[in-house]
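Chains as they are written, first to last, in the numbering used here: chain A, -16 to 458; chain B, 477 to 560.
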C-alpha cells in the first residue's frame, strides 16, 4: 500500500497538471498526479500504430518567439519550470494562411507580414486594425479577475468589414475557443498574441518531446505519478475536498486538490455532485481530424509554402456545433513537414485536416456504422480541404498514401474524458481556478489560458497562486 | 555571512531562475526590475528559493525589501546571520 496522504493531489497528467506538479514538487511539496490513462499528455498526446508515430492535438505549438525575446508566455514558462529552451527543440513555421473564397491573408512568425497583408487587402480597415492591435497589446490577459467582455463587441469598435473580422476570428477560434460564435475578449487577446504577435513552432519529433521533458522534470523534482489510476470521487466534508476515491477503490487524502480534467467533469466527481453547475457550463464544440501519411513530402505536389491553413467558404464564418457529423464549410490544414527543421526532415509526408464535428451524431453509433462513417467522412474532409490547395490528382495521392488515421468526437471523449468530446472544454472559463470547495482548484483548459504553452502556464499559475504564494503569505 | 556573500547567494538564485539574463554587470543600488526582465512570478521564485535553499522566510509584506541587490543584502544578511 502506497502512502495515502499528499500535500497536493493533481488530477490529470496533461500539460497543465504536469506543469503544476513540477512547480509544487520543486518546492518540496509531496505531490502526486493521478492519470486515468496509461499515456500522459491529455489532449496533447501521442500514440503509435504499426510502428508509426502520431501526434494528437498538436498542430503547432503557439506562442513561439525567437531566442532572446523576453516577457512572453514561452519565456515565463521555461523559467518557471527550469527548462532550457533547447530542451523543447522548437523549429519555427514557414508561413501560414487564412484562406476564404476571394481573399487570403498570409502570416508568419513576423507580425509585420500580417499587418502588411491587412494593409494591402483591407486598406480602409488598416487604421482600425492598428488601434485593435494596440488595444490587444495593452490588455492584461493574465488577470485572474477580469470582467468578461464580448470580443465581437470590442473588435466591432475597431473594424467594420465583416470579411476581415471573420478572417481574424477563424484561426483564433479554431485554436482555442470553447464558445460558439464569439469569444471572451481576454481569451481573444491570449489567442491573438499566441498566433499572430508570437507564432508557431514544433519539435521535429512532435509533442512527445515536450511531454518527455515535463515528465523528466517532474521525476527529478521528486513528484509521484500514478498512471491508469483516475480519481473516481471527490468526497466533500465541511466545504472541503476531504478525501479522493481512486478508480480501484483506494482512498487518499490531500491538503489541496488541483483538477485539470475540466469544470463539469470535476463537478461530476464531487460527492455530493454539483450536477446543475456542471450542466450549465458544459462545452459542445467538438472536432474531427484526418491524418494522411504519404511516402513523400507534400512539397512535391506544390504543398510546400504553408504550414497551417485556416479555411472557410461560407458567407459568414460560422464557428458553432456542427449540424451534420462534420461541418465541411471550414477547417484547418496542417503540414507538419512544413516547419523549418534546418537540415533535418520528417521521414514521411503528413497531411492533417481538422474540422468541427457533432458529438451526438458520432457518440452512439454501432461499431460497424462508426467505422463506415469514419471512412466516408475521411474522404469528404480531405476533399473539402484540398479546395484550398494546389490541385493534385486523386490517383497521385492514393498511390502515395501509405497510412491514414482519423479521430472523431468519440475519440476525444474517450481519451480526454471531456464531456461531449468538447475539445476546448467549458464555454465559461474559471480564471481564478476556484470551486465551491475551498481546497479544490481547477487548472488547464477550463481555467482558460489557451494552447499548449497556455495550458502549462495555467498549471504554473494555479500552483503559484493557490499553493505556493498562499504559503508565503501565511509565513 | 557578509553582505557580499549574501549578494552572491541572491545572484546564484536569480541565475537559476532566469538563465537567459546577463547578471555580470548588475548595479547593486539599482532596482533589479529596472535592469533585468523579472516579473512577479520571478520574484515569487526568489522568495521560494530562499526558503528552499536557506530556510529563510520572507513574508509578503517584506517583498519590497528585495527590490535591489543592495536592499536584498541589507534585509537578508541579518536573517542569514541569525540562522548560522
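Glycine included, C-beta positions come from ideal geometry on N, C-alpha and C.
Would you mind giving the Cβ-Cβ distance between residue i and residue j, rounded to the nearest angstrom? I have them listed as a contact below 8 angstroms.
i                     : j                     : result
residue 239 (chain A) : residue 422 (chain A) : 5 angstroms
residue 373 (chain A) : residue 285 (chain A) : 4 angstroms
residue 268 (chain A) : residue 161 (chain A) : 6 angstroms
residue 313 (chain A) : residue 153 (chain A) : 7 angstroms
residue 276 (chain A) : residue 354 (chain A) : Contact doesn't hold; Cβ gap of about 19 angstroms is too wide.
residue 405 (chain A) : residue 266 (chain A) : 3 angstroms
residue 155 (chain A) : residue 148 (chain A) : Contact doesn't hold; Cβ gap of about 11 angstroms is too wide.
residue 525 (chain B) : residue 502 (chain B) : Contact flag wrong, Cβ pair sits at about 17 angstroms.
residue 237 (chain A) : residue 229 (chain A) : Actually they are not in contact, since the Cβ atoms of residue 237 (chain A) and residue 229 (chain A) sit about 12 angstroms apart, beyond 8 angstroms.
Take the Cβ of residue i as the centre, count every other Cβ of all protein chains shown within 10 Å, and call the residue buried at 16 or more, exposed below.
i                     : result
residue 84 (chain A)  : exposed
residue 510 (chain B) : exposed
residue 279 (chain A) : exposed
residue -2 (chain A)  : buried
residue 320 (chain A) : buried
residue 538 (chain B) : exposed
residue 81 (chain A)  : buried
residue 251 (chain A) : buried
residue 196 (chain A) : buried
residue 401 (chain A) : buried
residue 283 (chain A) : exposed
residue 335 (chain A) : buried
residue 478 (chain B) : exposed
residue 189 (chain A) : buried
residue -16 (chain A) : Low confidence applies here, because residue -16 (chain A) scores a pLDDT of 47, under 50, leaving its location unreliable; read the following figure in that light. Residue -16 (chain A) comes out exposed.
residue 484 (chain B) : exposed
residue 410 (chain A) : buried
residue 19 (chain A)  : buried
residue 479 (chain A) : This structure gives no information on residue 479 (chain A), because the portion of chain A shown stretches from -16 to 458.
residue 123 (chain A) : exposed
residue 176 (chain A) : buried
residue 42 (chain A)  : buried
residue 481 (chain B) : exposed
Looking only at its chain, what residues have a beta carbon closer than 8 angstroms to the beta carbon of residue i, apart from the 5 residues adjacent to it on each side?
i                     : result
residue 91 (chain A)  : 76, 77, 78, 79, 97 and 182
residue 73 (chain A)  : 44, 47, 184, 185 and 186
residue 10 (chain A)  : 451
residue 407 (chain A) : 159, 160, 161, 266, 268, 428 and 433
residue 324 (chain A) : 74 and 187
residue 281 (chain A) : 287, 318, 320, 321, 332, 333 and 334
residue 127 (chain A) : 414, 415, 416, 444 and 448
Would you list the residues sitting across from residue i in a DSSP beta bridge?
i                     : result
residue 239 (chain A) : A:-9
residue 218 (chain A) : A:226 and A:254
residue 14 (chain A)  : A:-9
residue 336 (chain A) : A:273 and A:316
residue 30 (chain A)  : A:37
residue 309 (chain A) : A:340
residue 208 (chain A) : A:16
residue 357 (chain A) : None; residue 357 (chain A) has no bridge partner.
residue 295 (chain A) : A:313
residue 82 (chain A)  : A:87 and A:294
residue 346 (chain A) : DSSP, once it has assigned bridges, lists no residue as partnering residue 346 (chain A).
residue 390 (chain A) : A:272
residue 507 (chain B) : B:544
residue 163 (chain A) : In DSSP, residue 163 (chain A) forms no bridge with anything.
Along the chain, where does the alpha helix (DSSP H) that runs through residue i open and close?
i                     : result
residue 400 (chain A) : No alpha helix (DSSP H) contains residue 400 (chain A), which DSSP labels as neither H nor E.
residue 270 (chain A) : Element bounds for residue 270 (chain A): not the alpha helix (DSSP H) but the beta strand (DSSP E), 269 to 277.
residue 21 (chain A)  : It is not in any alpha helix (DSSP H) - residue 21 (chain A) carries neither H nor E in the DSSP assignment.
residue 380 (chain A) : 377 to 383
residue 8 (chain A)   : -2 to 9
residue 191 (chain A) : 190 to 203
residue 154 (chain A) : 145 to 157
residue 117 (chain A) : 109 to 120
residue 516 (chain B) : 516 to 530
Under 6 angstroms Cβ to Cβ from residue i, same chain only, skipping five residues before and after it: list those, please.
i                     : result
residue 28 (chain A)  : 22 and 39
residue 443 (chain A) : 2, 6 and 63
residue 57 (chain A)  : 46, 48 and 436
residue 541 (chain B) : 547 and 551
Need the endpoints of the beta strand (DSSP E) that residue i sits in, please.
i                     : result
residue 86 (chain A)  : 86 to 90
residue 74 (chain A)  : 73 to 75
residue 487 (chain B) : Segment 479 to 493 is the alpha helix (DSSP H) holding residue 487 (chain B); no beta strand (DSSP E) there.
residue 424 (chain A) : 423 to 425
residue 554 (chain B) : From DSSP, residue 554 (chain B) is part of no beta strand (DSSP E) but of the alpha helix (DSSP H) over 545 to 559.
residue 185 (chain A) : 184 to 186
Going by beta carbon distance, what residues of the same chain come within less than 7 angstroms of residue i, once the five residues before and after it are set aside?
i                     : result
residue 388 (chain A) : 32, 37 and 274
residue 518 (chain B) : 493 and 494
residue 299 (chain A) : 145 and 149
residue 179 (chain A) : 90, 94 and 97
residue 441 (chain A) : -1, 426, 427, 430 and 432
residue 391 (chain A) : 271, 340, 345 and 357
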